[in-house]
Every structure is written in structure tokens, then in C-alpha cells.
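In our numbering, the protein residues as written are 25 to 179.
Step one of this worksheet: look at the structure below.
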Amino acid sequence: MFLTVHAAGAIVVSQFTTNPLLAFLVGMISHLVLDLLPHGDQVLIENKSFPNKSEVLKIKKLAATDVIAMFIVLSLLYWFGFLPLSLVIFMAVFGSILPDFITGVYILKKFRWLKSYVDFKIWLHYVFNNFTVSLKTGLIIQLIFLIGFLLLIIF
């Protein structure tokens, strides 16, 4: 899922705690739960553990766009008064995006000590192997979740 969806989901669940460490953990857990849902990204990389150079470039471009989109959405929520600046929210968002950044570090640097983690994360994406969706359908699913999370944040 896109970081924007993960961040918005983490903000929603962080509203139930005032503890920054708990918000961080809830953010991470919400990331892993959302990754269980089919979201169409299986077509982006053929070999999930060892993407080729063109796939890495594609991932870098997508990640940069994703980070920019996340900052725009979070900034707009703050600008219009729907998102207070707080350590709890920061930690929830940080926890929700950290799993993908760790995966990115592994893809770029191939640190062997991260391989088990990345394999676990890839496994989560494909727990429901018999239920995968196209990228187009996955984007629609993510948009629905994003809109739902944003509505929960705003209202």
C-alpha cells in the first residue's frame, strides 16, 4: 500500500492512545495489517527479494512520489486544522511508514540481516495467494481506504 494510506490509517488508530510508544507500535501493526489486503502491487516487481535495476529505479520513483503525496496530504490535514502536531501522531505515522523504509534499505543495500524481515513482509503481501488483484483494482482499493481514513480523521 502507499505510504499515504498507511499514514492515514495510523493517524486513525493513534487517536485511541496518548502514549507515543504505543502509537508507534500501533502504527507498525496497522501497516502490517493493511499489507495483508490485496492492493495490486504484485505486478511491480517480479523477484520480490532481488529486484533488477529497472525495477529498483521504478521503486525509487514510486517511493519519491509516494513520500511527496504523503507529506502533501498530512500538510493539508494540518493546514485545515484536522491534524494537530503531536508526538503521538508523529510516532504513529513514523511506525506506519518505517516497515516500507526498512524494505527500501534492504532493496538498495542488500543487508543480509534484513532479509528475514523482508521475506516476512513479502509473505504478508501474499498470504491470500488465491486472491490477488490487478494494479488498477489495487489502486481503487487503496483510494477507498484512504478516503475512509481521511473521513475518520476529519469527522
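Every residue, glycine too, gets a C-beta built ideally from N, C-alpha and C.
CA-to-CA distance, LEU107 to VAL117, given in whole angstroms | For the purposes of this step, residue 117 is taken as the residue at position 93 of the sequence shown. For the purposes of this step, residue 107 is taken as the residue at position 83 of the sequence shown. Those two C-alpha atoms are separated by around 12 Å.
Helix, strand or coil for LEU107 per DSSP?
-> Position 83 of the sequence shown, counting from 1, holds the residue named residue 107. DSSP places LEU107 in coil when its eight states are reduced to three.
Going by alpha carbons, who is nearest to LEU132 out of ASN76, HIS63 and GLY33?
-> For this step, residue 132 is matched to residue 108 along the sequence shown. Answer by Cα proximity: ASN76.
Terminal residues of the continuous alpha helix (DSSP H) containing LYS145?
-> In the sequence shown, the residue the question calls residue 145 occupies position 121. Counting along the chain, the alpha helix (DSSP H) containing LYS145 begins and ends at 139-149.
Would you mind sorting PHE169 into buried or exposed? The rule is 16 or more other CB atoms within 10 Å of its CB.
-> Locating residue 169 in the sequence shown gives position 145, counting from the first residue. It is buried - the Cβ of PHE169 has at least 16 other Cβ atoms within 10 Å.
Between ALA34 and the rest of its own chain, which residues show a CB-CB distance below 6 Å, the 5 nearest in sequence each way excluded?
-> As a working mapping, residue 34 is identified with position 10 in the sequence shown. Answer for ALA34: GLY51, SER54, ALA116, VAL117 and SER120, listed in chain order.
Endpoints, alpha helix (DSSP H) assigned at PHE169 | Within the sequence shown, residue 169 is the residue found at index 145, counting from 1. Unbroken alpha helix (DSSP H) run through PHE169: 159-178.
Among residues of its own chain, excluding the 5 on either side of LEU138, which ones have a beta-carbon nearer than 7 Å to its beta-carbon?
-> Here residue 138 refers to the residue found at position 114 when the sequence shown is read from its first residue. Hits under 7 Å: ILE126, VAL129 and TYR130.
Would a check of beta-carbon distances place ILE164 closer than 7 Å to chain C?
-> Reference to chain C is not applicable here, since this structure consists of a single protein chain.
Where does the unbroken alpha helix (DSSP H) through PRO44 begin, and where does it stop?
-> Counting from 1 along the sequence shown, the entry for residue 44 is found at position 20. 44-60 is the span of the alpha helix (DSSP H), which, as asked, contains PRO44.
Report yes if the CB atom of THR28 is closer than 7 Å to the CB atom of VAL91, and no otherwise.
-> For the purposes of this step, residue 28 is identified with residue 4 of the sequence shown, where counting begins at 1. For the purposes of this step, residue 91 is identified with residue 67 of the sequence shown, where counting begins at 1. No; because the gap between Cβ atoms is not below 7 Å, this pair is not in contact.
Beta-carbon proximity list for HIS174, same chain, < 8 Å, skipping 5 on both sides = Reading the sequence shown from its first residue, position 150 is the one you call residue 174. For the sequence presented, residue 174 should be read as Leu rather than His. Here the set comprises ALA32, VAL97 and LEU101.
Between VAL36, VAL142, LYS84 and ASN43, which lies nearest to VAL112 when the distance is taken from Cα to Cα?
-> Along the sequence shown, one-based indexing puts residue 112 at 88. Out of VAL36, VAL142, LYS84 and ASN43, ASN43 has the C-alpha closest to the C-alpha of VAL112.
Delimiting residues of the alpha helix (DSSP H) encompassing THR28 = Here residue 28 refers to the residue found at position 4 of the sequence shown. That run of the alpha helix (DSSP H) goes 27-38.
Looking only at its own chain, which residues have a Cβ that is under 7 Å from the Cβ of GLN166, when we skip the five neighbours before and after it?
-> Translated into the one-based positions of the sequence shown, residue 166 becomes position 142. Within the same chain, GLN166 has close Cβ partners MET25, PHE26, VAL29 and HIS63.
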